[in-house]
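Colleague: Below is one structure. I have some questions about it.
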Amino acid sequence: MSDEPYLPARDLKVERAVGRFIIAWGALEREVDSAIHDLLFTNPRTGMVVTANLAMRAKLDLVHALFEELRCDDKAVWRPISKDWEARFDKLVNMTAKANTEARIPIVHSQPMAIKLDSGDLPIWMRMAARKGGLRGSGITYTKSSLDKQTQTVIELIHEWAAVQAHWQSAIEAIRSADADDWLGRGPDGRDHLTLQLQSNHDSQKATSKPKQSKKPKRRV
243 MSDEPYLPAR DLKVERAVGR FIIAWGALER EVDSAIHDLL FTNPRTGMVV TANLAMRAKL
303 DLVHALFEEL RCDDKAVWRP ISKDWEARFD KLVNMTAKAN TEARIPIVHS QPMAIKLDSG
363 DLPIWMRMAA RKGGLRGSGI TYTKSSLDKQ TQTVIELIHE WAAVQAHWQS AIEAIRSADA
423 DDWLGRGPDG RDHLTLQLQS NHDSQKATSK PKQSKKPKRR V
């Protein structure tokens, strides 16, 4: 019998494993958000305005599109992203999308049910979808080992997102500098207008002072 009439029988190992997975997924989503903030060239607070209401699939589409701006280009001075890292990032986004579809969504959104057996109730989690072709459903039973495996996959994805962000930091800084140069109207090798103006003022000749004119004495009547 369940401790609660609407919940499956207690299995502390499975419940703890579910909680651990959810914690790990939250950390993964934090890394994806951080990547979006980087690629938007904004501060975390403004970036959170963009990411706060986005679902995971939308976040992955957004971060992938933003990353396209960093891809290698023979004529681009400020895009130091290697071909290897381009392929690595594409794979990372695809693996994260797969984990979202095959792990997070079923674990978080499936409905607990019970199959009646002679040996007792077998808890099962059902995920239903109604689309073209009619109603479809899938069920799965979770064990501690299967959930731990899913959690480990998420942890590996977290490390990979952190690695890719560390790699593109130089590119982000270069693009920020390039944008600043564009705003200031200088080339990659040029000096900013403020420096040139200060140097120009420093090197300019001093203005010649006007000669003092002697005052004429006033005549008394």
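Once you know that position 24 of the sequence shown is 266 in the numbering used here, the rest is easy, because the numbers rise by one and skip nothing.
From the three backbone atoms N, C-alpha and C, an ideal C-beta is built for every residue, glycine too.
It should be emphasised that the depicted structure is a prediction, and the values quoted were computed from it without experimental measurement.
(1) What residues match up with L377 in a beta bridge as DSSP calls it?
(2) Could you pull out every residue in the same chain whose Cβ sits closer than 8 Å to the Cβ of D253, ignoring the five residues on either side in sequence?
(3) In angstroms with no decimal places, state the Cα-to-Cα distance between G379 and R369.
(4) Is the beta carbon of E273 less than 8 Å from the beta carbon of L334?
(5) List, from N- to C-terminal side, the alpha helix (DSSP H) runs of 4 residues or more that fit wholly inside the stretch 297 to 351.
(6) Can you check whether the CB of E328 is closer than 8 Å to the CB of R346?
(7) Please report how far the alpha carbon of R299 lies from the alpha carbon of E415, in whole angstroms.
(8) For R262 and P348, what's the separation of their Cα atoms in angstroms?
(9) Put L254 into one of helix, strand or coil per three-state DSSP.
(10) How many Å lie between S276 and N342 at the Cα?
Modeller: This is what the structure gives:
(1) Looking at the DSSP assignment, L377 forms a beta bridge with A372.
(2) Around D253: P365.
(3) If I take the Cα positions, the gap works out to 5 Å.
(4) Not closer than 8 Å, so no.
(5) Here the runs fully enclosed are 298 to 309, 325 to 341, 347 to 351.
(6) No, the pair does not count as a contact, with Cβ atoms beyond the cut-off.
(7) Near 27 Å, if we compare the C-alpha coordinates of E415 and R299.
(8) Those two C-alpha atoms are separated by around 15 Å.
(9) It is helical.
(10) So the two alpha carbons sit approximately 18 Å from each other.
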